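Everything in the sequence shown is counted per my numbering, starting at 810 for the first residue and increasing by one.
Take a look at the structure below.
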Amino acid sequence: RRTFYGHFPNKHTLLGGLGISRLYDQSEPMLRLLMNNHQTTRARLEAMIDYIESNFAGYDDIDRQLILLAPSTFAEDTERQREIGDNAMASFIRLITAGVEAGDVQTAFSPEILAAMVVGTLNMLTISWAMNSDYPIFAKLEEARVMFEHLICKDTP
């Protein structure tokens, strides 16, 4: 009989898998909720930062360790790396493209480069927080909120 733990070859992979679920497996459901529950790109970006902040409010030191372990679990699995990166990018490209179609996103940059900016910024903030318990994650997320709205949304107040 195969157990839950038998699915993973070792504890390191199990813990890394938990870190991956913390980091990456939430992006698609979050983006789906944003698209369904908010009508404008600005409202979607606002809700996204609120959602991420609420997650960080519930994280603790074990979450830091899980997040740091996550990338090492698929270091030699380039297919999984590509899948995770492609899925994150595709979600944000869809969000931004929907905004372009609605006319509330600036078009000076492609949805692909804007999505890369969002994903890269959120990844870097997360890694910085995971490596440094004194990292001001909430202040940086608020700064990212303003930057995203300024660079992505039309008619920034």
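Glycine is no exception: its CB is placed at the ideal position from the N, C-alpha and C atoms.
From a predicted model like this one, the values you see are computed outputs, not experimental measurements.
I'd like the list of long-range same chain contacts for residue i, defined as Cβ closer than 6 Å, with 5 residues on each side in sequence excluded.
| i | result |
| --- | --- |
| A856 | L843 and H847 |
| I858 | L950 and R954 |
| T849 | D913 |
| F865 | I946 |
Beta carbon of residue i, beta carbon of residue j: below 8 Å?
| i | j | result |
| --- | --- | --- |
| N896 | E958 | no |
| I905 | A924 | yes |
| S919 | R873 | no |
| Q915 | I961 | yes |
Quick one: what's got a C-beta closer than 7 Å to residue i's C-beta in the same chain, skipping five residues either side?
| i | result |
| --- | --- |
| V927 | F901 and F957 |
| Y944 | S937 and W938 |
Just verifying my parser: in three-state terms, what is the DSSP assignment at residue i?
| i | result |
| --- | --- |
| I961 | helix |
Enumerate in chain order the residues of its own chain whose CB-to-CB distance from residue i is below 8 Å, with the five nearest sequence positions on each side excluded.
| i | result |
| --- | --- |
| R903 | L840 and M844 |
| E921 | M898 and I902 |
Which runs of the alpha helix (DSSP H) at least 4 residues long sit entirely within the segment 826-879? Give them in chain order. 836-846 and 850-867
Would you check if the segment 903-919 and the segment 929-941 touch, i.e. whether three or more CB-CB distances between them fall below 8 Å? no
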